[in-house]
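Here's the structure, in structure tokens; my notes come after.
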Amino acid sequence: MAGAQTGDEKSSTAQDAASPAVANEGMDLIEPVRTNSARPACFKTTLQEVLFVLTATMAIAMTSFLAGSVTVASSFIGRSLDMTTAQITWISSASSLSAGAFLLFFGRVADLFGRKMMFVGSLFLFAVFCLAAGFVHDAITLDILNGVLGLFSASAVPPAVGLLGVIYEKPSKRKNAAFACFSAGNPLGFVFGTIFGGIATTLFGWRASFWLLAIIFLVFTIIAVFSVPKDFTAKEPFNWDTWKRFDLVGTVLTVAGIGMFSAALSLGDTAPQGWTTPYVLALLIVGLLLIIGFICWECWCKWPLMPMGIWKDRDFTLVLSILSLGFVAFTPASFFVSLYFQDVWHMSAIMVAVHLLPMAINGIIVNIFAGWALHRISNKLLMYIGSGAYAIAMLLFALNTIHDSYWAFCFPAFLLLVVGADLEFNVANMYVMSSMPPSQQSTAGGIFQTVTKLCMTIGLGINTAVFNSVQQKPSLSNYWDRMTQPYAAVFWFAFAATTLSVMLVPFLTIGTQGGREKSVSTEASKDLRSEKFQPGKIGDRQPEAAVAHQPPSKELT
């Protein structure tokens, strides 16, 4: 060690915001760097830190955990409650719809009024309503409760992301490890939800899958009370003056727009006249117009819910586009593979869980690798690997038939699927969180999660339409048996989406993230960051321009 490091440098709550990684010409693909890995001062012990990161990970895993549990139990729930196809679809769609619609709103609320109480309260209420869902005896009530569960997921994720972003503000190996664990929650939540839900459903019935979720999140609520550090960021007073400057118009537009648009996608294939049903068309058109109206309003609004200037960063837009195309494929693929195992290969719920286990194991390995690699290996290369793994996985799923062995196509596809999901999610999550100042970390998480949730809903809607169309009129070649054809069509669409994501990667210019802080390479980039956030906005304690021009902090050499 060539020099001593001050206490301020060890703290992850410094005032300057970490800048996104910017690639330089001649940059090595693998860059050995030394980073500040001191434990943040807000944690008394490493155990407290580990428990906090695990609890934050469970927050982002809420929706996918619920979706995985419901997916594997859906046929049992349908038979037990005598549900129609539309009602079964809404079990999983309702939570995703409500979560996607309210993420931006709760992100801004967390940034303004505090994160810890909102985070802990959301975990507790999620557990309570999971418990209630296990006692339901009619389809409509179950669908409504799943929508409410999505609402609590939306209120838990932004404060969790915001706490992580503020606590691990400076680039470091510790930050990479924390965010790698956090990023694992979304893809692995579905897998573990399927596994736990399958075991509970097989042994005790579908109601036990909801009760198991309640127990799990009640335990993490208790852990959160003791492990989540005090919210040390500045808060706005809860008064009328603050609410006057809150973007209420943007909130209404985004909640109504995303809600209607997502509802239309979920209802399209189960409505009486399909996509031509009047109320489906009305929801689709009005929802789309409201989303467009939201974008226009945010460009004009003085205190926007979503700062539109951030989209001027080309890498920000590209990273989210690549990730979104991956999630258009990932969630539907996971859903339809589970359905294929049950309906075509006639597996029990517990056997579906066993066959999905390789995804969970490999997902843990990939996230450990991501925590090691983000500050050492060019993130552009990681995005190449992730998008390529996605595409190959979808191709393998598409080539599978009823007569093929699980080990021939599905097993390698599962391994590659989590490589794609976890690498892309880690890179994108780190970049998005580094693109916004500490006072807007929950808003950053809200933007990130809203985009991914919306793309998952769009992907599920499109894939369901493809599935139903081919199921009614099988038109693929004789290579596929009749039962497999609709599933193969879904995977071919997913392959097309992931192939498009591969084509976008060459335009990225990001390097490593989480190593030593990199200065902005060009004056144009400096100007761009200074324009992202305007001074005087609620929760912004200093203009972004001032942050961008602060000298880089000292580091260990």
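Residue 1 is where the sequence shown starts when you use full-length UniProt numbering, and the numbers rise one by one after that. Think of the CB as a built atom: it goes at the ideal place given N, C-alpha and C, for glycine as much as any other residue.
- If you check the beta carbons only, do Ala451 and Ser324 fall under 7 Å apart? The residue labelled residue 451 in the question sits at position 451 within the sequence shown. The residue labelled residue 324 in the question sits at position 324 within the sequence shown. A quick correction: the sequence has Val, not Ala, at residue 451. Contact flag set, yes.
- Go through its chain and collect everything with a Cβ distance to Gly371's Cβ below 6 Å, but skip five positions before and after it. To locate residue 371, count along the sequence shown from 1; it is residue 371. The residues are Asn176, Ala177 and Ala180.
- Message: Here's the rule: buried if 16 or more other CB atoms are within 10 angstroms of the residue's CB, otherwise exposed. What is Ser334?
- Response: Taking the first residue of the sequence shown as 1, we reach residue 334 at position 334. Ser334 is buried by the Cβ-count criterion.
- To the nearest whole angstrom, what separates the beta carbons of Val505 and Ser378, a pair I think is in contact under 8 Å? Here residue 505 refers to the residue found at position 505 when the sequence shown is read from its first residue. Here residue 378 refers to the residue found at position 378 when the sequence shown is read from its first residue. In fact, because the Cβ distance is near 11 Å, the residues do not count as touching under 8 Å.
- Message: Please list the terminal residues of the continuous alpha helix (DSSP H) segment that includes Ser435.
- Response: One-based indexing of the sequence shown puts residue 435 at position 435. Unbroken run through Ser435: none, as it is neither H nor E.
- Message: If I follow the unbroken alpha helix (DSSP H) through Ile60, where does it start and stop?
- Response: Counting from one through the sequence shown, the residue named residue 60 turns up at place 60. First-last of the alpha helix (DSSP H) with Ile60: Thr46 to Ile60.
- Whole runs of the alpha helix (DSSP H) within the segment 342-403, excluding any shorter than 4 residues: Correct list: 349-373 and 379-399.
- Looking at the structure shown, is Phe246 part of a helix, part of a strand, or coil, going by DSSP? For this step, residue 246 is matched to residue 246 along the sequence shown. Coil.
- Message: Taking 7 Å as the limit between beta carbons, can you name the residues of its chain near Leu318, skipping five residues before and five after?
- Response: In the sequence shown, counting from the first residue as 1, residue 318 sits at position 318. By the criterion of a C-beta distance shorter than 7 Å, Leu318 is surrounded in its chain by Leu504, Phe507 and Leu508, once the five residues flanking it on both sides are discounted.
- Query: In or out: Phe135 buried (at least 16 other Cβ within 10 Å) or exposed?
  - Reply: Here residue 135 corresponds to residue number 135 of the sequence shown, with the count starting at 1. Answer is exposed; the Cβ neighbour count stays below 16.
- Look up Val490 in the DSSP assignment and say whether it is helix, strand or coil. Translated into the one-based positions of the sequence shown, residue 490 becomes position 490. Looking at Val490 - three-state DSSP - the assignment turns out to be helix.
- Message: For a test of your reading of the model: does the CB of Thr84 fall under 6 Å from any non-hydrogen atom of the ligand GDP? Yes or no.
- Response: Inclusion of the ligand GDP in the displayed structure is not the case, the ligand content being empty and no account of it being possible.
- Query: Distance, Cα to Cα, Gly420 vs Tyr390?
  - Reply: Looking up residue 420 in the sequence shown gives position 420. Looking up residue 390 in the sequence shown gives position 390. Rounded to the nearest angstrom, the two C-alpha atoms are 5 Å apart.
- Task: Out of Thr484, Ala256 and Ala41, state which residue places its alpha-carbon closest to the alpha-carbon of Gln342.
- Result: If you number the sequence shown from 1, residue 342 lands on position 342. Of Thr484, Ala256 and Ala41, the residue nearest in Cα terms is Thr484.
- Item | Local conformation of Asn463 per DSSP, three classes | Here the question's residue 463 lines up with position 463 in the sequence shown. Here Asn463 carries a helix assignment [DSSP, helix/strand/coil].
- Query: Can you tell me the Cα-Cα spacing of Ser153 and Phe126, whole angstroms?
  - Reply: In the sequence shown, counting from the first residue as 1, residue 153 sits at position 153. In the sequence shown, counting from the first residue as 1, residue 126 sits at position 126. Near 7 Å, if we compare the C-alpha coordinates of Phe126 and Ser153.
- Message: Here's a check: name, in chain order, each residue in its chain whose Cβ is nearer than 8 Å to the Cβ of Ala208, leaving out the five neighbours to either side.
- Response: Against the sequence shown, residue 208 aligns to sequence position 208. Taken in chain order, the residues that qualify are Gly134, Ala200 and Thr201.
- Message: Could you check whether Phe495 and Met394 sit closer than 7 Å to each other, using their CB atoms as the reference points?
- Response: Your numbering for residue 394 matches position 394 in the sequence shown. Your numbering for residue 495 matches position 495 in the sequence shown. Yes; because the gap between Cβ atoms is below 7 Å, this pair is in contact.
- Query: If you count every other CB in all the chains shown that lies within 10 Å of the CB of Ile91, and 16 or more means buried, which is it?
  - Reply: The residue you call residue 91 lines up with position 91 of the sequence shown. Buried: at least 16 other Cβ atoms inside 10 Å.
- Are Leu415 and Asn362 touching if we call contact CB-CB under 7 Å? Here residue 415 refers to the residue found at position 415 of the sequence shown. Here residue 362 refers to the residue found at position 362 of the sequence shown. Yes, the Cβ-Cβ distance between Leu415 and Asn362 is below 7 Å.
- For the segment 66-76 and the segment 184-204, state whether three or more C-beta atom pairs, one from each stretch, are separated by less than 8 Å. Segment contact: the segment 66-76 against the segment 184-204, three or more CB-CB distances shorter than 8 Å; contact assigned.
- Item | Rounded Cβ spacing between Gly250 and Phe294 (contact assumed at less than 8 Å) | Taking the first residue of the sequence shown as position 1, residue 250 is located at position 250. Taking the first residue of the sequence shown as position 1, residue 294 is located at position 294. Right, their Cβ atoms sit about 6 Å apart.
- Can you tell me where the alpha helix (DSSP H) with Phe294 in it begins and where it stops? Counting from one through the sequence shown, the residue named residue 294 turns up at place 294. From DSSP, the alpha helix (DSSP H) with Phe294 extends over Pro278 to Trp300.
- Does the Cβ of Gly539 have 16 or more other Cβ atoms within 10 Å, making it buried, or fewer, making it exposed? Taking the sequence shown and counting its residues from 1, the one referred to as residue 539 is at position 539. Below a pLDDT of 50, predicted positions are generally treated as unreliable, and Gly539, at 36, falls in that range; no measurement from the model is reported.
- Go to Met118, then tell me how far its alpha helix (DSSP H) extends in each direction, as first and last residue. On the sequence shown, position 118 is the one that residue 118 refers to. Lys116 to Ala133 is the extent of the alpha helix (DSSP H) around Met118.
- Message: Am I right that Phe411 and Pro358 are in contact with their C-beta atoms under 8 Å? What's the rounded C-beta distance?
- Response: By one-based count along the sequence shown, residue 411 stands at place 411. By one-based count along the sequence shown, residue 358 stands at place 358. Between Pro358 and Phe411 the Cβ distance is about 6 Å, and since that is below 8 Å, they are a contact.
- Query: Residue range of the alpha helix (DSSP H) that Trp211 falls in?
  - Reply: Start at 1 with the first residue of the sequence shown, and residue 211 comes out as number 211. Trp211 -> alpha helix (DSSP H) spans Trp206 to Ser227.
- Query: In whole angstroms, what is the alpha-carbon distance linking His375 and Phe369?
  - Reply: Position 375 of the sequence shown, counting from 1, holds the residue named residue 375. Position 369 of the sequence shown, counting from 1, holds the residue named residue 369. If you take the alpha carbons of His375 and Phe369, they lie about 11 Å apart.
- Ignore the nearest five residues each way along the sequence and tell me which others in Ile60's own chain have a CB closer than 7 Å to its CB. Position 60 of the sequence shown, counted from the first residue, corresponds to residue 60. These residues qualify, in order along the chain: Val157, Ala160, Phe182, Gly185 and Asn186.
- Query: According to the neighbour-count rule (16 or more other Cβ atoms, all chains shown, within 10 Å of its Cβ), is Met347 buried or exposed?
  - Reply: For the purposes of this step, residue 347 is taken as residue 347 along the sequence shown, with counting starting at 1. Its Cβ being crowded by 16 or more others within 10 Å, Met347 is buried.
- Task: Tell whether a beta-carbon distance below 7 Å holds between Leu283 and Ala264.
- Result: Residue mapping note: residue 283 aligns to position 283 of the sequence shown, counting from 1. Residue mapping note: residue 264 aligns to position 264 of the sequence shown, counting from 1. Contact flag set, yes.
- So the alpha helix (DSSP H) Gly162 belongs to, where does it begin and stop? Counted from its first residue, the sequence shown places residue 162 at position 162. Here the alpha helix (DSSP H) through Gly162 covers Ala139 to Ile167.
- Once you ignore the five residues that flank Pro474 on each side, which residues in its own chain have a CB closer than 6 Å to its CB? Counting from 1 along the sequence shown, the entry for residue 474 is found at position 474. Counting only Cβ-Cβ distances below 6 Å, and skipping sequence neighbours, we find Arg482 and Gln485.
- Message: Rounded to whole angstroms, what is the Cα-Cα separation between Arg245 and Trp311?
- Response: On the sequence shown, residue 245 is found 245 positions in, with the first residue counted as 1. On the sequence shown, residue 311 is found 311 positions in, with the first residue counted as 1. So the two alpha carbons sit approximately 23 Å from each other.
- Would you be able to state if there are at least three C-beta pairs under 8 Å between the segment 275-289 and the segment 98-113? no
- For Trp480, is the classification buried or exposed, using 16 other Cβ atoms within 10 angstroms of its Cβ as the cut-off for buried? To locate residue 480, count along the sequence shown from 1; it is residue 480. By the Cβ-count criterion, Trp480 is buried, with 16 or more other Cβ atoms from all chains shown falling within 10 Å of its own Cβ.
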